[in-house]
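For what it's worth, full-length UniProt numbering labels the leading residue of the sequence shown as 1, then goes sequentially.
The C-beta atom is built at its ideal place from N, Cα and C for all residues, glycine as well.
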Amino acid sequence: MLLIALAPIGYSAWLSLTNYDGFTPGQFVGLANYRQLLTDQSLHAALWHTVVFTVIAVPLQMTLPLVLAELLARTRDRWLSSFVRSVLFIPVIASLILVGTIWQFLLSAQGGLFNDTLAALGVGPINFLGRPTLALVCVALVTVWKNIGYFLVIYYAAVLDVPQHLYEAAMVDGAGPVRRFFSITLPGVRNVTFLVLVLSTIWSFQVFDLVYAMTGGGPGGATTTIVMAIYELAFAGGYRMGYASAIAMLLLVIVVGCSALQRLAFGREDK
1 MLLIALAPIG YSAWLSLTNY DGFTPGQFVG LANYRQLLTD QSLHAALWHT
51 VVFTVIAVPL QMTLPLVLAE LLARTRDRWL SSFVRSVLFI PVIASLILVG
101 TIWQFLLSAQ GGLFNDTLAA LGVGPINFLG RPTLALVCVA LVTVWKNIGY
151 FLVIYYAAVL DVPQHLYEAA MVDGAGPVRR FFSITLPGVR NVTFLVLVLS
201 TIWSFQVFDL VYAMTGGGPG GATTTIVMAI YELAFAGGYR MGYASAIAML
251 LLVIVVGCSA LQRLAFGRED K
């Protein structure tokens, strides 16, 4: 299993040292591809878009499911709790391309449901996916909407696992719902919060399908993420497999580095 996991990484690392184009045998070019990373402005823009996307998506994917999990865990209506969790989990099992296509239609400036609703209210159309900053925000919010059900299930199980007697003791002491949430629930689900943080960060840096389906990287490259850049360089006419592999190795370093820093931060808090 370890070999299966490491073999693609090793092969990508080797390709990153060549000028392989997918058709002819690649020649060894050393660190030339990595030197190009330092001066490639389009790559820097894609990396920045990915960081902005991550900054928007990760906090929302950590907080919204946790708050919902707390509310559903405290409700006495078990049927309602199960129904809400089931409904929110539907987007999780849906195809990313399907979800992206549906939301592209909903947010369309021409005939989209949102703009038709705004028109009925007397508000002019908003080009959600045609404005650079707004398009990236929309893709990030759709990502949150799709993943919220998955993280809700994880948080819900963690909240139920917190000893009930702690809440009962806090209620006897006069602590309200907000105080109980911050004093009992948050510390109780700390390990799960770390898991959600790592998964959400990794998935955000790897985002591709929704961007491809909703905007195709536009307008004007404003939503091109680092994985989108890899795809365009390697397959969408670029066929620069070597350089795309170098970017993939950069992405690997970024993701592993972020995970290590997050683990370090949580480890210091444990002390």
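So, residue i versus residue j, is the Cβ gap smaller than 8 Å?
i           : j           : result
residue 46  : residue 246 : no
residue 152 : residue 53  : no
residue 239 : residue 26  : no
residue 73  : residue 195 : no
residue 129 : residue 107 : yes
residue 143 : residue 64  : no
residue 9   : residue 252 : yes
residue 219 : residue 132 : yes
Cα separation between residue i and residue j?
i           : j           : result
residue 34  : residue 11  : 16 Å
residue 205 : residue 263 : 17 Å
residue 237 : residue 2   : 33 Å
residue 134 : residue 248 : 27 Å
residue 60  : residue 191 : 18 Å
residue 105 : residue 57  : 21 Å
residue 43  : residue 177 : 47 Å
residue 214 : residue 51  : 19 Å
residue 155 : residue 216 : 33 Å
residue 92  : residue 232 : 26 Å
residue 225 : residue 265 : 26 Å
residue 98  : residue 89  : 15 Å
residue 101 : residue 175 : 46 Å
residue 15  : residue 242 : 5 Å
residue 62  : residue 193 : 7 Å
residue 112 : residue 260 : 42 Å
residue 84  : residue 78  : 10 Å
residue 139 : residue 172 : 45 Å
residue 149 : residue 96  : 14 Å
residue 121 : residue 114 : 11 Å
residue 5   : residue 123 : 52 Å
residue 186 : residue 32  : 48 Å
residue 222 : residue 48  : 10 Å
residue 67  : residue 94  : 24 Å
residue 13  : residue 103 : 36 Å
Using C-beta distances below 6 Å, list every residue in its chain close to residue i, excluding the 5 sequence neighbours before and after it, in chain order.
i           : result
residue 274 : Past the boundaries of the shown model lies residue 274; the chain is included only from 1 to 271, so the question cannot be answered.
residue 188 : 162
residue 81  : 72 and 75
residue 255 : 202 and 205
residue 234 : 241 and 244
residue 147 : 61
Tell me which residues share the same chain as residue i and place their Cβ nearer than 7 Å to its Cβ, disregarding the 5 neighbours each side in the sequence.
i           : result
residue 180 : 167 and 170
residue 28  : 17 and 18
residue 69  : 152, 155, 156 and 159
Which residues in the same chain as residue i place their Cβ atom closer than 8 Å to its Cβ, once the five residues preceding and following it in sequence are excluded?
i           : result
residue 30  : 17
residue 184 : 162, 166, 167 and 170
residue 37  : 43, 246, 247 and 250
residue 109 : 115, 125, 126, 127, 128, 129 and 130
residue 118 : 124, 125 and 126
Using DSSP's beta-bridge definition, name the partner residues of residue i.
i          : result
residue 28 : 18
Minimum length 4: unbroken alpha helix (DSSP H) runs contained in the segment 176-232: Qualifying alpha helix (DSSP H) stretches, in chain order: 177-180, 190-205 and 209-214.
Scan the segment 50-117 and note each continuous alpha helix (DSSP H) run of 4 residues or more that stays entirely inside, going in chain order. Counting only unbroken stretches of 4 or more residues, the alpha helix (DSSP H) elements lying wholly within the segment 50-117 are 78-93 and 96-106, in sequence order.
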